[in-house]
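Those letters in the sequence shown? Residues -11 to 133, by this note's numbering. Just below is one structure, and these are the notes that go with it.
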Amino acid sequence: GLAAGAAVAGCCAQMIGFAVSSYRENKINGLIAQGLGTSMLQMPNIVKKPIVWIPPIVASAIAGPVSAWLLKMTCEATGSGMGTAGLVGPIMTFKTMMADGFTTWYTLLTIIGVQFILPAVVALIVSELMRKKGIIKFGDLKLSI
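Put into structure tokens, the structure is as follows:
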């Protein structure tokens, strides 16, 4: 339902948010590892410097309400906690929204917009502002994989 839709949007925002925010340090391999794998790879960096979590949190705080209140995005519990990992969240969202009677185009645009584009843009803006202020420094989001 709507709650699972908001949950998957927030989870996707964490994964895409960290992937985009840390691109400077981790390049394409980090983008793929976090964006389609897991943002948990950033846990050592979060423990060292918790403030690096702010960009994905802001992205989640925006994506969740936009998905539920504005776009009525739905999902099932199975996909809600998976985010973009293996594309489970987007696939389950597509399946659920199609079963709920949404059109294919609306569903695809909602998924691309809320689960990928919105969190990427929000997290990038927030992380770049934090970098300009010296709050996040080069290397703070470096993955050691």
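Positions of the beta carbon are idealized from the N, C-alpha and C atoms, including for glycine.
Reduced DSSP category for residue 123 - H, G, I as helix; E, B as strand; rest coil:
coil
From the beta carbon of residue 82, is the nearest beta carbon of chain C less than 8 Å away?
You won't find chain C in this structure, because it holds only one protein chain.
Roughly how far, in whole angstroms, is the beta-carbon of residue 78 from the beta-carbon of residue 105, given that I think they are within contact range, below 8 Å?
Not a contact, Cβ separation roughly 12 Å.
By the three-class DSSP mapping on this structure, what secondary structure does residue 59 have?
coil
Tell me the rounded alpha-carbon separation between residue 38 and residue 114.
15 Å
Are residue 44 and residue 5 closer than 8 Å when you measure CB to CB?
yes
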